[in-house]
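In the working numbering, the protein residues as written are 345 to 757.
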């Protein structure tokens with residue numbers, strides 16, 4: 345699982361690094377619903393697909409609120425023949441509506457094994473703003489009281505669906521400077537319809553956890569990805585880290601399978617991107633090396649990670665993978681500034697497909713040989729925020745945000 349108009353276009357081959365890539369078709373469709381300007385971030389999970397013989401996509405998004413500076417939460421559902429349906433996310437008798445807080449408003453969505461939607465929305469050190477369908481495929485309604493850890497500020501909810509239909513969630517919870525703002529893992533038991541906290545998976549004094557992604561591998565183990573920032577919060581983070589949770593045993597390990605005691609700290613975390621020369625933890629006025637947003641995919645049980653890393657004045661794109669039992673890093677793109685969103689999928693022919701955006705739009709990079717090559721994914725559409733999910737039919741489904749014209753697109757690559 346994990347104004348309608350259709351724009352059919354071919355990917356424009358654009359060589360940013362290395363030899364020209366071969367063009368491949370990408371179908372992009374304009375969703376028939378207006379979006380709010382707050383529908384932007386790089387570390388949320390707003391896209392869900394469902395395609396066991398069908399081909400559904402669910403795009404959680406912010407639409408304009410009743411007044412300026414507010415937004416409402418909704419789901420755009422696209423069925424197997426391309427028909428769109430809008431599902432408002434409900435808070436009692438009214439649609440859920442919140443004050444804009446750009447970078448923290450974006451809803452995350454998952455569909456459990458029973459077909460119920462789970463949506464977390466507009467959380468920036470807020471109590472749980474959680475919504476769930478009470479009927480299969482129905483409008484999500486408020487269920488904030490169903491989560492553990494009540495009365496604590498929560499930020500950056502990221503979701504995924506397990507092979508057995510359970511839903512897993514990571515989020516950052518507020519905490520004092522002496523303890524840090526922790527990363528916590530939760531599980532929705534689809535059979536019993538209950539949430540539990542699995543663990544506090546990461547915390548460190550004077551630091552804040554920034555959740556990025558979580559994905560299941562082919563063995564049924566859950567890979568968790570996050571960054572560390574200076575407490576209480578900062579736009580620039582460091583020491584991108586990885587952790588594996590094994591639901592079958594309840595154990596945590598590092599990438600090698602060695603047991604790990606949680607919560608991990610900066611001293612014990614499995615760090616993918618160590619501090620580079622001159623890199624220090626800084627506040628929002630920092631100008632040195634830093635991480636900002638990351639995503640992962642799996643080749644069987646082997647994690648592949650893509651992330652934005654600032655060197656000099658721009659955020660470049662880096663790719664990390666395991667080689668000889670250790671993390672190895674490679675530069676995908678470094679020609680111009682990239683936007684906050686990034687993603688990656690694993691393709692049987694292209695292998696890693698890295699998606700990133702610049703002022704010129706959305707690009708996909710592959711490395712068929714020794715050189716990374718990029719192609720434009722949606723020429724003519726100024727995509728600055730996006731999400732990608734590879735569905736069970738082997739298609740990369742795209743969630744594309746055009747903030748210039750306030751439009752949301754669905755794509756297939």
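Glycine residues also receive a C-beta, built at the ideal position from the N, C-alpha and C atoms.
Let me check one thing: in DSSP terms, what residues is residue i bridge-paired to?
i: residue 623; result: Answer is none; residue 623 lacks a bridge partner.
i: residue 658; result: 655
i: residue 671; result: 666
i: residue 527; result: 516, 546
i: residue 716; result: According to DSSP, which records beta bridges pairwise, residue 716 is partnered with nothing at all.
i: residue 747; result: Answer is none; residue 747 lacks a bridge partner.
i: residue 393; result: 401
i: residue 377; result: Answer is none; residue 377 lacks a bridge partner.
i: residue 710; result: 717
i: residue 498; result: 470, 517
i: residue 511; result: 505, 532
i: residue 492; result: The partner list for residue 492 (beta bridge, DSSP) is empty, contrary to what the question assumes.
i: residue 406; result: 417
i: residue 647; result: 642
i: residue 539; result: 532
i: residue 738; result: Paired residue(s): none; residue 738 is not in a bridge.
i: residue 477; result: 484
i: residue 629; result: Answer is none; residue 629 lacks a bridge partner.
i: residue 615; result: 585
Please classify residue i as buried or exposed, where buried requires at least 16 other C-beta atoms within 10 Å of its C-beta.
i: residue 628; result: exposed
i: residue 679; result: exposed
i: residue 695; result: exposed
i: residue 624; result: exposed
i: residue 641; result: buried
i: residue 366; result: Below a pLDDT of 50, predicted positions are generally treated as unreliable, and residue 366, at 42, falls in that range; the measurement from the model is reported next regardless. With fewer than 16 Cβ atoms within 10 Å of its Cβ, residue 366 is classed as exposed.
i: residue 363; result: Only weak support exists for where residue 363 lies, its pLDDT of 32 falling under 50; the coordinates are left without a value.
i: residue 383; result: buried
i: residue 718; result: buried
i: residue 449; result: buried
i: residue 705; result: buried
i: residue 396; result: exposed
i: residue 435; result: buried
i: residue 722; result: buried
i: residue 425; result: exposed
i: residue 761; result: Lying before the first or after the last residue shown, residue 761 is absent from the chain, which here runs from 345 to 757.
i: residue 380; result: buried
i: residue 386; result: buried
If you drop the 5 nearest sequence neighbours on each side, which residues of the same chain put their C-beta closer than 6 Å to that of residue i?
i: residue 417; result: 433, 440, 451, 465
i: residue 544; result: 526, 528, 607
i: residue 419; result: 402, 404, 431
i: residue 763; result: Residue 763 lies beyond the residue range present for the chain, which begins at 345 and ends at 757; the question has no answer from this structure.
i: residue 437; result: none
i: residue 683; result: 701, 728
i: residue 712; result: none
i: residue 549; result: 522, 524
i: residue 349; result: With a pLDDT of only 29 at residue 349, under 50, the local geometry of the prediction cannot be trusted, and the value read off the model is given with reservation. So the qualifying residues of the chain are 374.
i: residue 664; result: 616, 649, 671, 673
i: residue 737; result: 395
The beta strand (DSSP E) that contains residue i, what's its start and end?
i: residue 695; result: 695 to 702
i: residue 472; result: Run containing residue 472: none; DSSP gives neither H nor E here.
i: residue 643; result: 634 to 643
i: residue 460; result: Careful: residue 460 lies outside any beta strand (DSSP E) and carries neither H nor E.
i: residue 415; result: 414 to 422
i: residue 691; result: 686 to 691
i: residue 731; result: 729 to 734
i: residue 507; result: Careful: residue 507 lies outside any beta strand (DSSP E) and carries neither H nor E.
i: residue 484; result: 484 to 486
Return no unless some Cβ of chain B is closer than 8 Å to the Cβ of residue i.
i: residue 519; result: No chain B is part of this structure, which consists of one protein chain only.
Once you ignore the five residues that flank residue i on each side, which residues in its own chain have a CB closer than 8 Å to its CB?
i: residue 530; result: 491, 492, 512, 513, 514, 515, 539, 540, 541, 542
i: residue 658; result: 678, 680, 681, 682
i: residue 585; result: 546, 569, 570, 571, 572, 608, 613, 614, 615, 616
i: residue 746; result: 725, 726, 727, 728, 752, 753
i: residue 666; result: 599, 646, 647, 672
i: residue 476; result: 460, 461, 462, 463, 484, 485, 487, 490
i: residue 618; result: 583
Please work out which residues of its chain come closer than 7 Å, Cβ to Cβ, to residue i, disregarding the five sequence neighbours upstream and downstream, and give them in chain order.
i: residue 669; result: 600
i: residue 644; result: 561, 562
i: residue 697; result: 688, 689, 691, 708, 710, 740
i: residue 390; result: 403, 404, 405, 450, 451, 452, 453, 731, 743
i: residue 480; result: 458, 459, 460
i: residue 495; result: 471
i: residue 443; result: 413, 414
i: residue 595; result: 603
So within the segment 429 to 456, which uninterrupted beta strand (DSSP E) runs reach at least 3 residues, ignoring any that extend past its ends? If we require 3 residues or more, the beta strand (DSSP E) runs fully inside the segment 429 to 456 come out as 441 to 443, 452 to 455.
Segments of 3+ residues assigned as beta strand (DSSP E) that fall wholly inside the segment 553 to 610: Counting only runs of 3 or more, we get 566 to 574, 582 to 590, 595 to 597.
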